[in-house]
Every structure is written in C-alpha cells, then in structure tokens.
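Chains as they are written, first to last, in the working numbering: chain Z, 1105 to 1383; chain D, 1105 to 1383; chain W, 1105 to 1383; chain P, 1105 to 1383; chain E, 1105 to 1383; chain H, 1105 to 1383.
Down below is the structure, laid out as structure tokens.
There are 6 protein chains.
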Amino acid sequence: MMNYLIIDKLIIDALKEDVPSEDITTNAIVSINSKSTVDLFAKEEGIIAGLHVFERVFTILGDVKLEFFKVDGDLVQPNTLIARLTGSTRHLLIGERTALNFLQRMSGIATLTKSFADKLKNTDAMLLDTRKTTPNMRIFEKYSVKIGGGHNHRFNLSDGVLLKDNHISAAGGVKNAVLAAKAQASFVRKIEVEVETLDMVKEALEVEADIIMLDNMDLETIRQAVTMIGKKAIIEVSGNVSLDTIEALAKTGVDYISVGALTHSAKILDLSLKNLKNI
Amino acid sequence: MMNYLIIDKLIIDALKEDVPSEDITTNAIVSINSKSTVDLFAKEEGIIAGLHVFERVFTILGDVKLEFFKVDGDLVQPNTLIARLTGSTRHLLIGERTALNFLQRMSGIATLTKSFADKLKNTDAMLLDTRKTTPNMRIFEKYSVKIGGGHNHRFNLSDGVLLKDNHISAAGGVKNAVLAAKAQASFVRKIEVEVETLDMVKEALEVEADIIMLDNMDLETIRQAVTMIGKKAIIEVSGNVSLDTIEALAKTGVDYISVGALTHSAKILDLSLKNLKNI
Amino acid sequence: MMNYLIIDKLIIDALKEDVPSEDITTNAIVSINSKSTVDLFAKEEGIIAGLHVFERVFTILGDVKLEFFKVDGDLVQPNTLIARLTGSTRHLLIGERTALNFLQRMSGIATLTKSFADKLKNTDAMLLDTRKTTPNMRIFEKYSVKIGGGHNHRFNLSDGVLLKDNHISAAGGVKNAVLAAKAQASFVRKIEVEVETLDMVKEALEVEADIIMLDNMDLETIRQAVTMIGKKAIIEVSGNVSLDTIEALAKTGVDYISVGALTHSAKILDLSLKNLKNI
Amino acid sequence: MMNYLIIDKLIIDALKEDVPSEDITTNAIVSINSKSTVDLFAKEEGIIAGLHVFERVFTILGDVKLEFFKVDGDLVQPNTLIARLTGSTRHLLIGERTALNFLQRMSGIATLTKSFADKLKNTDAMLLDTRKTTPNMRIFEKYSVKIGGGHNHRFNLSDGVLLKDNHISAAGGVKNAVLAAKAQASFVRKIEVEVETLDMVKEALEVEADIIMLDNMDLETIRQAVTMIGKKAIIEVSGNVSLDTIEALAKTGVDYISVGALTHSAKILDLSLKNLKNI
Amino acid sequence: MMNYLIIDKLIIDALKEDVPSEDITTNAIVSINSKSTVDLFAKEEGIIAGLHVFERVFTILGDVKLEFFKVDGDLVQPNTLIARLTGSTRHLLIGERTALNFLQRMSGIATLTKSFADKLKNTDAMLLDTRKTTPNMRIFEKYSVKIGGGHNHRFNLSDGVLLKDNHISAAGGVKNAVLAAKAQASFVRKIEVEVETLDMVKEALEVEADIIMLDNMDLETIRQAVTMIGKKAIIEVSGNVSLDTIEALAKTGVDYISVGALTHSAKILDLSLKNLKNI
Amino acid sequence: MMNYLIIDKLIIDALKEDVPSEDITTNAIVSINSKSTVDLFAKEEGIIAGLHVFERVFTILGDVKLEFFKVDGDLVQPNTLIARLTGSTRHLLIGERTALNFLQRMSGIATLTKSFADKLKNTDAMLLDTRKTTPNMRIFEKYSVKIGGGHNHRFNLSDGVLLKDNHISAAGGVKNAVLAAKAQASFVRKIEVEVETLDMVKEALEVEADIIMLDNMDLETIRQAVTMIGKKAIIEVSGNVSLDTIEALAKTGVDYISVGALTHSAKILDLSLKNLKNI
C-alpha cells in the first residue's frame, strides 16, 4: 500500500484533469442528496492491482463507502465481482472514470508482470522493472510490478547509480565511469554498469563494479559473461526480453532480468462499474 | 502543438519524479561545463508524435539545442535519425529518460491510431478517442490521437454531456436523462446519450438527443439503428472495436467510431538516444 | 453546490491572502480555547448565494458549526438572520472577512441577475452570462448567475467554440471561420459565430453555424436577423444590454440574451457578522 | 508596479481558469505561425490602471510585444487608443479575455476611487481602502486604489492591528482589547480600535490607542469625537460613505475616510481589443 | 499555537523531502497493520518548543495518538519524558526524523532565547528577534522566540517599515528616507530607521521617526543617543549582541535589543524517540 | 552546483515568505528605474558555500548582474570582497535578506564541516552528514557539507536502507531486521544496520549486512568491533562526535564517521551587503 502523502496529490491532479470545473452531465441529472450502489466487475481474466488507489479516488471525493471482495494480487475472471460501492450518486459518477483509469492500468501491469514472472518460477533469476514508466505514474506502476511478482530496480536518478552507454561515452570508458562513480557517489550506493561486450565485462570486473548489466547480448555471450563474472558481481540482463525468450535467458545463470515492457507496453485489464441502483 | 502554459507543469512534475534531488550518476562522472551531441533514432517503424514535448524537457533543463529531421506525423523506420541534440552533457543525460518516456508513449498512441484510421480510409466514418486515458497524461494522449489521424471526443466531464448507462440508471431511463440534461446543461452543449437497444434508440429520438452512441450492439442491430436514426442525430458506435472489426462497423453508415484502446492499450514506439559525443 | 475538489484551493488561497502568517489582532486578544456564537445578518434586500462557500471557509479553518435559516436563492431583507455560527472564537474572527467577501460578491451577482431575469419572465428569451468574470472567481460567479435565474454560456476557451470579431478577422471572414471550426473542433461542439451585419448573418446561415450571436445590432436589424434565421440556428444577442432595454430585445424573438454586467459590474450585497458572544 | 514574483502565479491561475486544456476556437482557425496586430481602445471615460498586468498576461503566453500610449493613472475617453499589441495571433486571441478582465476591473476601481478622491481635494482628509476586496484579487485592487488617488489601509490580518466590534465583544470592552493588543502585538504595530460611541472614544483615549476609527457615527457625533481626540490619536471614519456624504465627513476634521465600495462595488471600465490584422 | 492553514504546507513539504516515494526501510520490515508505542525523551536541558508541530507531523501521516507530559515553554532535563506516541508503527518510523528535526530546532531556539531573556530580567529592555531566519522556517522560528521569552520584530518586508543602511544610501540620507517612507507607507505603519552616528540620530528626530535603531554603537554613544532621544522615539539597539554584553546594553535605557543569533545560530536541543514497543 | 529545477521552488517560497505582498520600505523610497551597485563582504573567517544560490535569488527577481571574486569552497577573511552586484536597486534591497539567509547558513555549515574534516586529514576515515537537517533545507545543507570536505550519507528515507534502533525493536532483533530488508528492498540497495553492542555486531555479520553503524560505543568497544568486522562490512561510527573526539575515533580504523551537528548545530558565517551606490 502506497503512502497517501505521496499519491493523494497525483489522484487529485487526475480528478481535476477530468473535472476542471464540474461534471455537467451528472449535475444535470442527479440531485445532490441521491445515494446509490454500484458494482465493480472484471470483464477479462487478470491480476487485480491498485484497489486502494481506486478507493482513494472516492475517499477524496467523499461520502462513498467501498466493500472489497478481492485484494491486490488476486486473479479475477470475467464477471468476478471485485467490489461494491455505496454512497453519493454524484461522487460515484464523477469518480468512475478516474478510478477505473488508475485501476485498469495498474491491473494491466500486474497481469503482464505475472505472465513474465511465471516463466521464471523454476529458475533462480528474478524479474525487474525499469524507469521506462509513464510520466507522473511511476509510483503506481512500480507498485503494480511488485503485485505481479516482479521486483523494483532503482526508483529514480537520485537513488541509484547506473552507468549506461551514454554515461560511459561521456566518461571515456567503463573504467573511468566506474571509478568516477565510486569516488563521488555516496558510500551507501552500489555501482551498476551497463556493458555490451566481454571486453567491457572484463573492465567492469577490474574496477569492481557491484552490479554488471549485460545489455542486448546473445545467449552465448551472456553465458560466457556469467562464467567470467562468477560471484564477483551481481548480474542483470536487459534488452528486448520477451515471454518467449525470458526462460532461456534465466537459465544462463544471471541474477536479474529487467523488462521495460512491464510498464511501457502493458495493455489495460478491462474492468467496469455496473448496475448502478438508487437507494 | 500544445500550450506550454498547460504542459510545462506536467513536464516539470515528471522531471522531479525522476530527479527528486539530483542525478547522482551523471553528476559523478560529468563536469558541469561538459558539452556533447547525441542522436535520437527510431528503433522500429511507426508514427512519431510529441517532438515539441521531447524538446520542451530539454528547454526546461536549459542549455540544449535540438535540430529536428522529422515532424509530428511522419512515418519513421528502424534507424531513422529523428533529431540531433547539442548542449550540456549533464542535461542531455538527466533529461534522456523523461523525454523518451513522453515521446515513446505519444508515438505509440499515434502509431496505433494510424493503424485504426487507415481502416476507415474508404468509409465515411471517423475515428474517435475516449476518456480512457492515463491519469495526468490526457493532454498528451489526445494530441497523439490527432497526430495519428483520429479525432477527439470531449476532453473531460466539464466540457461535454454524455449520458452513459449508469447515468441513465440514476435518472430513471433515457428520456428522463436527456430531458434533464437539456434543461440543465448550457445551450452550447450537444446532448449525447448511450443506448444498448433499439427501444432506447427510439426513446433517444423522441427527446431529440443530438448524438446517439450505440454501445456494444451487433452489426445487424447497428444497421437497424442507423436506419431508424437517419439524419435525426449524429451516430457514434463504441465497444470493443478491433482492427478486424472496425471496417465492417464503419460500413453500417455510422458517423463516428470510438476506440478506447487508442489511449489505454497502445504499446510504446521504441526510440533511443545514441552516439553521445563530447564536443 | 460546487465541488469542494475545485473550490477548496481557491478558498485556501483567499484565506492565505488575508492571513499570510497569523491574525495578529485576534491572537492578541482571544485565547485559543475560547468559544463564541455570532450571527450572519443581511443589511439590505437581495438574493443570497454562496452559503456553502461561506460555510466552507469555516470548515477549512475548523471547529465551527453553522446553522442556516436561509438557502441559496432566497430573498433576504435588512436584518434578516441568515445563519448562526458557533465555535472557536479565533476561527470566527479569522474567517469573517474572507467568508463575507465571497458571500457578498456572490449574492450581489445573484441579486443583479435576478433583476435582469425578472424582466424576461413574460418572454421566451433566456438570460446568459459571459466570460467577463473576475480572474480566479469564475466558478463562484457563474454559480451565482444560476442562483439568480440566469443560464451559463460556455465556461472557458476549452469547452466551447465561439468565433468573435477578432477570430473572424484572423480567419478572413465568417465563412472561413465557421468552416475551419467545423473541420477542426470536436464533433461534440456546437459552432457559434458573432455577427454584426445582416450580410454576416447570411454567411453564417450558408455554412450552417449552430448558434448565431447578434452583436451590438439595433432592434430593427435584430428583428430582420430573427426573420432571416428562423429555426435554422439558435440566436443569441449581446452588447450593452441594460435593465431598460432587455425586455424589448427579448420580444424580437431571440433565444438568448447575454449580459456581461452580471459578473463584471455587480455591486456586492451588504451582509455582516454581528453579536459575537463568548460561550 | 507590482512584483512579478507575487502576481505571476495569480495571472497564470487566471489563464488556466480560462484555458484548462486549449483554446479550441483559436486553434481551429489560426495557424501556429500567424502574426497579427490588434489595438486596445477605451470605450468609455475613466482612469486606466493595470497596464503592466495586461502586458504580463501576454509576456507569460510569449511572442507578443506591446506599445503603450498611456500610463497607469491617465484619463482615457471613448476611442482613446491605449496600446498596440503585435505578435502571435494565437496568443493575442488566447490572452484577450484574461488580460481585459484584469485591466477592466482594475481601471474600474481606479476610476471610482478617483471620483471619491476628487471630493477630498479641498480638505485635509485622505481616502482609504479596506479589506473588502475580491478573494485572490487584493494585490491588484489595492494597487488600483493607489492609482486612483486613494491610500492603502493594512493589507491583511497579519500586518496590522485593528480591533473591530466583534474583537471588542470577544475581549470584553475597548480597554481590555487595546491593552491586550499592546501587550501582545509586535512593538512595530500601531494599535487601531473601532468605536461606535463617545464613551468608547473616551476609553480608547485612556488606553492610548494609536488610531481611533469612528464607525457609523452621525456628523455631529463625529465632530464631538474629533474635538475629544484632538491630536492624541489618528482619526479614521468609516461606514457607508457615499460620493454625496464624503466631503461633509472630511470637513469634520478627521484624518482618514475609508470606503469599502472602492473595491467591493466598482463597476468595470469598458475597454476592448479591436482591429486585429494579420501581418 | 500556529495556524494549521499556514504550517501544514511546510510540514507536508518537509515530509516529502524526507520521503519522496516511500520509506524503504520501514516498509521492508514492518507490516501495514502493526501498532506500537514509542517515547519522546529529552537528552539535555533546555526549553521545549513546537510540540504541536511535532504532533502535526503524525496527524498528517495519520493513525497516531500523542499524550503530552510537557507543554511549550517547559524546562526539560536529560531523560525527561515529554510525550508518548501510540499508533501505526510505520507512521511512527516514517515521521520520526521530520518531527524531531522541527522540534529540536524550535526547542534550540527557545532555549537560546531564554538564556538571553534571563539576562534582561532586572532591566526594562525587551528582547527582539530579526529576519535572519532559516529560509522557509520563519513562522516556526519566530514562534520559538516567543516561547523562549523574546518578542517578535516585524515578520517580513511587507508588514513593517525599517530603513537600513542600504536604504538610506539609496534614498540619500536619513531625512530623505524617513520623509519618503512617511509619504508613501500606509498610515498604520510606524517608521523605523537604523542610525550609526549621533548626527544620524539628530536627523531621525528632526523628521520624527517612530523608532530609532542604534546599530553597532559603543556603550557610551548609546547612552548619549538615549539621552538625545528621550521619549521622542522608541529605541532599539542591534549589532553583535552577546550573552556577555546584553545586560550592559539594557542598562543604557534602550527599549529593545535585537539579537539575530536567536534564529541564525542556535544549536538544536537534543531529543529522541526511544523504546519503541509493538502492541 | 544544484539543479535549478529543484531549488528554484524553495528559493521562490523563501522570497514569498519574506515578501508576501510588497517590500513597503523599498518601494517607498526607491524609484522603479533606479540602478545601484552593492558589495558582498565577509565579516568573519570561514568557508564560503552557496554562491549560486545567492545569485539565483537575484536572477529570479531579475535585472541584477553578479561578479564573483570567490568560488564555493574558498576560505574568506573579515573584509574579503566576495562579489559585486549591479542592477535594479529595488531588487538588490528586496533580495538582500533572503540571499544572505541562504548564503550565511550554507557557509556556516561548510565552515563547521571543514573544521571536522581537517581533523581526519591524517586518517583513513571519511566524514559523513546525517538526515538531521533543517526541514525544507536538506538539498542546500547536504551540498554545503560536500563543499566543506564531508561526504553525504543517504539523502532521504526512499534512497537508502538504514535499520536503526526503533526499526530493530519493531522487527524483533538485528537478524530479523536485516533479513527482512534483504528480502524486500531493491537489489540496488546496500543494507546498513545500527548496532549498540558486540553481540549485535556478531548478528549483523552473520546475516551479512553491507554496512554496520556502531552507535554510541566507547573507543575500546569500537576497536573490538573493528577487529571483529575486518573487511566483511563497511564500518560507520556515530553518536555525539565532537572536534575533540573525532581524531581518536578515526584512528580505531572505522571507515566513516557521521556527525549530525554539521547540519543541525552550525552557526552562520557572518556576511553582509555594504556600500550601496546609485549608478
């Protein structure tokens, strides 16, 4: 569960994006004191994630109570009843789209993550996300990855050192980059470096990088890199990983496999609010 | 091109999401006065959208100039050079991910939209988006739909009247809902109502709705509805429209077809910044 | 009643405008635990509007309860008791001016609107407001117009198309302007165009504008325009409408009459908080 | 001239109030590179105030230059050319209403203030404003009072001590209130107290209030109060002062006369942007 | 007690400074439903100030109750139990540092202020703070000065007139500066002027400054200035006042002594949260 | 140099704290077009830090140029000329206090840090700061520590794992805490744990903590801990470290020594703006 201190601002911004002045449809047809119930159903199979964000939309609007029949991480099927909402009809209708936009996207990410994570069940590798998230949605998307069975890489540029191709170009090579990072970064940081060749792996080992990311290598090169590295560094592999290729990657003996698609290309999980009834 | 007054806040929020204090990797390895060039390439085929948002990220950071070789709406291929960036090495590295996260998502939406819009080329129907957008990304996503050849439905709950299933339940039927909306909403609004059956179409016509949205009907029912409505209302059709089904839908004679997937389930277009060189 | 999501920020900004650090008068003379009652009276005749905004000021400050004897839209007379406030003496004194500044201005607008709306009682025309509102007060001022018996025109530049004189100059004539708007604007929009001559009315009809606004025409020209237009478009009239002239305008058969003065030149309704008593 | 640090936020908020997403009319008909000139004219006689706020609206939007033919405080007549604007046609049209809403209201206040101030020309009394300003407009409104020839009372509850009727009730009388204020408030503050009777004047003098405000007294009582007070305190008079009564009030010998109507009930000064021409 | 309207934003900003996304330590080891108690102890002798700010940190986080055994202004000793906190273990741990950072700094200021104020016990002079406060901490720091027995000078540049050396240079001398200030500033302001020589004192008296600040004068010159001024103005003295020199300064007969060090150079009071126990 | 993206908001907030409406002193005596120069001098010996923050205050106000004669990290003496400012007299006077409040505090921290860092010159230990910073000043304070020769510990609760006494209580011991953290935290994090006894050191080693913080141990116990740990973990020592004790601590062989006083109890470095001259 995420801290409301952080997510409330994003939820309020989203509500104002959808209602800059008033909901002219709802206000035209529903009186201010009207109360209703409405049900949240799944329309397809997947993993649900973000129920407390969904709830928070209505808490912020006020006068709505939610009863949940599922929790984050549960598998839902078409027509699974996930929650029942009771309260101000206006607020139910005003919050519907914003609440669903959060929940559908978060559940979509959890569902896709689950399908990747399942491929690693019989391996020692762990699934990672990336910073390829939707602007201003990272906290929700990284949470969804965890619900789906993945692990989080660093959260942002301030909380982890990762020397990528352009950094290495800027610094003049792997060694320079790693040594500069070790000299400047806080001692609480592990130093991770992205490499594309076995020569770069060798350099990274010589300067004792904590984590070596093998970027876009073929399987055979990855195997050689794994052998070279042994236990001297943590090994991450990245680059166009698909559901078809991830298991083979994992079996090379790498520690972590990062998949940008988890957050940048998941489709939503289809959900809907149905059966609104005045009470 | 979007108004900077509106988008700057969202871009700054996104930059702060990725850099809450400082970019510890870049600051460790690059001196403050270092200058570089770096190139923006496409890694797959698609429609580019959001180049001025991409540029604005670096304008906000400062000390970076961009030269563009493509404009929004252009088709790019793998290895197409889209732009060259020149300026502060620190700002190039700090802004890279945020700028790409915007551009890749916007281009992904434009690319998916184009594939739907192409199916309508030989028809009279037009393609519409929905409010099923990512929270706090709507302005970028609706712009991308236009670049891809789609049209925008209403922007938010304050600027258009659309009576959906739950509104009709709340109001006690199509007629009540439309009449209440006509009485209360500003005279500048068209009144749109969502219907699921031919009986509801009939009701909508009796109270002279301006736009009738046929929701989740089969093709045959849609054809009957189109005949019933004639020129008495604008006709929109919605509900799980796919690339396989959209052309047949269009040929029923409806005016507009709305597709939520344009914004809620587009994968990104893969792009990258490459070849950073100190100058 | 307006959505607190939207108005709370404006109310808090107003409170901070009046209390950037602390209320040095109140804090000097009243202990933090002191409780009082105080009464809200009318000092002149008019229509009350904005009671929930008045209440919200104290809800935001906290520890104050309000009992209302009137509702928005009620006619009040000098010495009418409108509400009794009970709670923290400090908050009663800190919120007094901000709460009254909102309520007096909103009630002033409702009162002026009512005087215009009353002139239209025996006609078919309806009274409209404009965008000539006080900066950052539009949501309150448009609400007050509705309480006074007027109707709202579009809320802002994003939610309605209105081609005015400068737009027509920019576009090169009425026809060009209307056709461009029809091609570009969302299909949910009605296209309104402002015209100054009968020739311009003719052009507007040829390109099937949805709404034609007759700007600053004399009565005879308006009558001719009404005849020309018939039922082919909605007719709005605007331009220096006064209490003396509005009824004659209405009798020409126009549908709507817009009056900028409702929001830009209403004087306040005089109200005051009296009889503070410690309890 | 006001500090941009403070007013920019309010101007940007006002622009976003009028353009939450985009100006759909302007964007439909004007290309992004179009340039125009347009003229700012007066439509009635009055005092102009707020030209730099008007200008700032366009500076914030960008790409517009202004040439001014009048300065704040000048008297304008119908058809006086006040300024010529040259630049982005889109920005001229997008900013028009917001810029005019500020300028018209500010000029209206300056004009009304001037009419009151003129009545005091042959007296020793000075004209004051109050805190009865429009929420979130105080900085603009108090500036306009000064342009019109008035003086500013305190700006807010944090920067001046004024013991009013409800404070005196809360404190248990004039003496208690003044003594508590003297004991608690910063030594840089003058202590002002509002009195309604000559007995209260006497109390205020005994505890050496710095400023005594005579509230709603008749002329004869005011004269007696002036005599009682002599040079022992500064004298302010307030309460329903009109253009008809202010000169007689001034001649009683009071130092200051405060008029809430300056800011709460001024009508706007009618101004308009005309003659837009593409260049 | 400060107004939550003002301080909540600063407290929330401070919490977000310390928790931009989540508390990764706490969330890793404590379940969301865990409840605990923890005690707030003093670790050294001093004056406690800011307990309601400390409490507010946890109120904003939620689900924590506080029982206080001391109030602001109390003297505490090493191991004094100040408060017991009971509630969400996560929130206790997340808020600990931010709450202590406020309380320790505020108490440090109160403690230092008390030591200066005690030196004035047997004199008629009063202790003042300055605007030499920590950016964005002024409201907390000026409050702490009052708790420690000091008085507040003006709060900011908008609420008091103080003509300092650079103002006098800009205006061309003491007389010009004071006369310009009297002509322009609101009549509710006292005019204070900083002087460095007896000649400047003379000038200040001639133009009837309300308050004369003797800046960096030696004791003998101060005595002469006090004699010159008599009761004709309030006298403030400032400039590198220390615990060793303040009493002698006070005995010269000045009214106020301002000490920048109260807010700019106080060390913190050492406090800590101990004995966390799950319940 | 810090990123303006992050610090501008804090600087603007600080300016608004000091000027909520206008600088009434400056505006009364200086015309808007007046230009001046003024000099920034040191009044005591120390290390200067924060010159670009000082400059940024005036850049944000506008129309001021700065020429610097010193850079961050330089040692200054009484009367050292640090910078000359040239530009708008109003902006020089309005920004003076806010700019100095930042610079004096930052320089004070750098100066105190330098005195601690100098004690470690002949040792292998490095000096660290803590999270005991002033609310909303952390980015400035941690930067100043680096200028003074210290190193930064983690920046906030989101970017580093540190299990302190209360976390260990909550988790039920050192082992549980470390194991839970290893299981839950991102693989990019080092796990640091605070220990108070040699038994706890042993536990920390058994579960392979990356960093062990020895809290409030005596020298002899620290020496034993250093021997026990060897190269198996990084060693940090903390707890009431003073200028007198730090060298002895360093010589025990620990890697890092953290000193909260660097940021929580540094006095300012005295600086001033002098010799304002109109030009």
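Every residue gets a Cβ at the ideal spot worked out from N, C-alpha and C, and that includes glycine.
As the structure is a computational prediction, the values presented were derived from the model and not from experiment.
**Report entry** Length-filtered (3 minimum) beta strand (DSSP E) runs lying within the stretch 1227-1293 of chain E
**Finding:** 1230-1232 and 1265-1267
Query raised in the report: First and last residue of the alpha helix (DSSP H) that includes V1161 of chain W?
Result: L1155 to L1165
Query raised in the report: Are the CB atoms of S1273 of chain D and L1185 of chain Z nearer to each other than 8 Å?
Result: no
Requested in this report: Following the continuous alpha helix (DSSP H) through M1210 of chain Z, name the residue where it begins and the one where it ends.
Outcome: T1193 to K1223
Query raised in the report: Name the residues in the stretch 1259-1275 of chain Z whose C-beta lies less than 9 Å from a C-beta of chain E; which are they?
Result: F1259, N1260, S1262 and D1263
Report task. Taking C-beta pairs closer than 7 Å, name the residues in chain Z that N1107 of chain W reaches, listed in chain order. Result -> V1123 and E1126
Query raised in the report: Would the beta-carbon of V1157 of chain H fall within 8 Å of that of I1111 of chain H?
Result: yes
Report task. Please check the pair S1362 of chain H and T1234 of chain H, which I expect to be a contact at CB under 8 Å, by giving their CB distance rounded to whole angstroms. Result -> 5 Å
**Report entry** Pick from Z:D1176, Z:V1168 and Z:K1147 that is closest to G1154 of chain Z, judged by C-alpha positions
**Finding:** Z:D1176
Report task. Starting from the C-beta of L1353 of chain E, find all residues in its chain whose C-beta is less than 8 Å away, skip the five residues before and the five after it, and write them out in chain order. Result -> A1229, L1323, I1326, V1341, V1345 and I1361
Query raised in the report: Can you list, in chain order, the residues of the stretch 1131-1152 of chain W whose Cβ is nearer than 8 Å to any Cβ on chain P?
Result: N1131, A1132, I1133, V1134, S1138, S1140 and V1142
Query raised in the report: Who are the near neighbours of A1281 of chain P in its chain, counting only those whose CB is closer than 7 Å to its CB and skipping five residues on each side?
Result: L1267, H1271, I1272, A1275 and V1297
Query - Which of helix, strand or coil DSSP assigns to A1337 of chain W - result: coil
Query raised in the report: Going along the stretch 1161-1187 of chain P in order, which residues come within less than 9 Å of chain D, judged by CB to CB distance?
Result: I1164, L1165 and G1166
**Report entry** Cβ of I1116 of chain E within 8 Å of any chain W Cβ
**Finding:** no
Query raised in the report: Can you find at least 3 beta carbon pairs, one from the stretch 1282-1293 of chain H and one from the stretch 1122-1137 of chain E, that sit closer than 8 Å?
Result: yes
Query raised in the report: Buried or exposed: which applies to P1182 of chain Z, given that a residue is buried once 16 or more other Cβ atoms fall within 10 Å of its Cβ?
Result: exposed
Requested in this report: Please report how far the alpha carbon of E1200 of chain W lies from the alpha carbon of F1145 of chain H, in whole angstroms.
Outcome: 48 Å
Query raised in the report: Between V1142 of chain D and G1166 of chain D, what straight-line distance do the alpha-carbon atoms span, to the nearest angstrom?
Result: 16 Å
Query raised in the report: Along chain E, in chain order, which residues have C-beta atoms closer than 8 Å to that of I1315 of chain Z?
Result: What I1315 of chain Z touches in chain E: nothing, since even the nearest Cβ is about 17 Å away.
Query - Closest by C-alpha distance to S1265 of chain D, when choosing among D:E1300, D:F1220, D:G1253 and D:M1317 - result: It should be noted that the sequence gives Val, not Ser, for residue 1265 of chain D. Closest option to V1265 of chain D, Cα to Cα, is D:M1317.
Query raised in the report: Are K1279 of chain W and V1311 of chain W closer than 8 Å when you measure CB to CB?
Result: yes
Query raised in the report: With distances taken from CA atoms, which of Z:I1128, Z:S1290, Z:L1366 and Z:M1304 is nearest H1255 of chain Z?
Result: Z:L1366
**Report entry** Which of helix, strand or coil DSSP assigns to M1332 of chain H
**Finding:** helix
Requested in this report: Would you give the residue range spanned by the alpha helix (DSSP H) that M1304 of chain W belongs to?
Outcome: L1302 to E1310
Query raised in the report: Can you find a CB in chain H that lies within less than 8 Å of the CB of N1280 of chain Z?
Result: no
Report task. With DSSP collapsed to three states, give me the class of T1141 of chain P. Result -> strand
Query - Short CB-CB distance (under 8 Å) between F1220 of chain E and chain P - result: no
Query raised in the report: From A1221 of chain W to V1305 of chain W, what distance separates their C-alpha atoms?
Result: 27 Å
Query - Reduced DSSP secondary structure (H/G/I, E/B, other) of L1179 of chain H - result: strand
Report task. Return the chain-ordered list of same chain residues with a C-beta closer than 8 Å to the C-beta of K1169 of chain H, the five sequence neighbours on each side being excluded. Result -> L1189, T1190 and G1191
**Report entry** Rounded C-alpha distance that separates I1372 of chain Z from F1259 of chain Z
**Finding:** 22 Å
Query raised in the report: For I1128 of chain W, does the three-state DSSP call read helix, strand or coil?
Result: helix
Report task. Please report the residue range of the alpha helix (DSSP H) in which I1111 of chain D lies. Result -> Y1108 to D1122
Query raised in the report: Does the beta carbon of I1110 of chain H come closer than 8 Å to any beta carbon on chain D?
Result: yes
Query raised in the report: Under three-state DSSP, which class holds L1323 of chain E?
Result: helix
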